[in-house]
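Visitor:
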């Protein structure tokens, strides 16, 4: 698809910081900070180490969405800014671009991840119901946790991971080739980006379940892994570093489980 006329700002102005884009980033980071602020007390007393019980579906969904905002908003900010930039150029050139498009884009992104969270919760609940005690810390839980974390490390080296990560690291290319008008288009684009983000990060999220989904410190560490992969300029180094960190974590879970109650914040 050929990029739309007027989609890119003039070459001489590309390095300038647009106050509107800076404000959008500030809003996303503020929302992430607020989410972190509310996440810690909500999870207080919930963490029980590996395979923490996520509670009822209603409690989990609310906690999951707040977690997503805290973990993902910093790394999704470049994509939202790219969408807002193209959206603004469309409006300035007289094409359909209703106000509030970026917010609808973010909503679509969160919905995609919420569907993933519901699927993960259903799988967790099914295993816990069919095999009581299987996900407990001892005797088998730590071996399963270590295996899941090693699988997440192995996924870092797959072609599927590389393709999904490239989509997440190229926001302008993603937006230019998938631009759709209206609120429906914004929602579909956000959900589409969320699907690619799930393809990139689903294994890390499964590893978070294994480590303790109600542990704020593990949540922060996995969020840092995701941000590093998406935002650092050295894609291969970041990807390999995350894989190595996961392998070390799996070995520690297996050999010295008492030390893995969660890093202190």
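Residue numbers (our numbering): 16 to 280. For glycine and all other residues, C-beta sits at the position ideal for the given N, C-alpha and C. Since the model is a prediction, treat every value here as computed from it, not as a measurement.
Would you give the residue range spanned by the alpha helix (DSSP H) that residue 194 belongs to?
Guide: No alpha helix (DSSP H) holds residue 194; DSSP gives it neither H nor E.
Visitor: Using 10 angstroms around the beta-carbon of residue 107, count the other beta-carbons present and answer buried if the total reaches 16, otherwise exposed.
Guide: Exposed, by the Cβ-count rule.
Visitor: What did DSSP end up calling residue 129 once you bin it into helix, strand or coil?
Guide: Note: residue 129 maps to helix in three-state DSSP.
Visitor: DSSP on residue 249, reduced to helix/strand/coil?
Guide: It is coil, neither helix nor strand.
Visitor: Please confirm whether residue 45 and residue 116 have their CB atoms less than 8 Å apart.
Guide: Cβ atoms of residue 45 and residue 116: not closer than 8 Å.
Visitor: Assign residue 90 to one of two classes, buried (16 or more other C-beta atoms within 10 Å of its C-beta) or exposed (fewer than that).
Guide: That one is buried.
Visitor: What are the boundary residues of the alpha helix (DSSP H) that residue 90 is part of?
Guide: From DSSP, the alpha helix (DSSP H) with residue 90 extends over 72-107.
Visitor: For residue 93, tell me which candidate among 259, 255, 271, 242 has the shortest Cα-Cα distance.
Guide: Measuring from the Cα of residue 93, the nearest candidate turns out to be 242.
Visitor: Going straight from the alpha carbon of residue 262 to that of residue 164, what length do you get?
Guide: Roughly 7 Å separates the two Cα atoms.
Visitor: Would DSSP call residue 185 helix, strand or coil?
Guide: Of the three classes helix, strand and coil, the one that applies to residue 185 here is coil, per DSSP.
Visitor: On the criterion of 16 or more Cβ atoms from any shown chain inside 10 Å, does residue 73 qualify as buried, or is it exposed?
Guide: It is exposed - the Cβ of residue 73 has fewer than 16 other Cβ atoms within 10 Å.
Visitor: Buried or exposed for residue 100, going by 16 or more other Cβ atoms inside 10 Å?
Guide: Residue 100 comes out buried.
Visitor: Within 10 angstroms of the Cβ of residue 48, are there 16 or more other Cβ atoms? Answer buried if so, exposed if not.
Guide: Under this definition residue 48 is an exposed residue.
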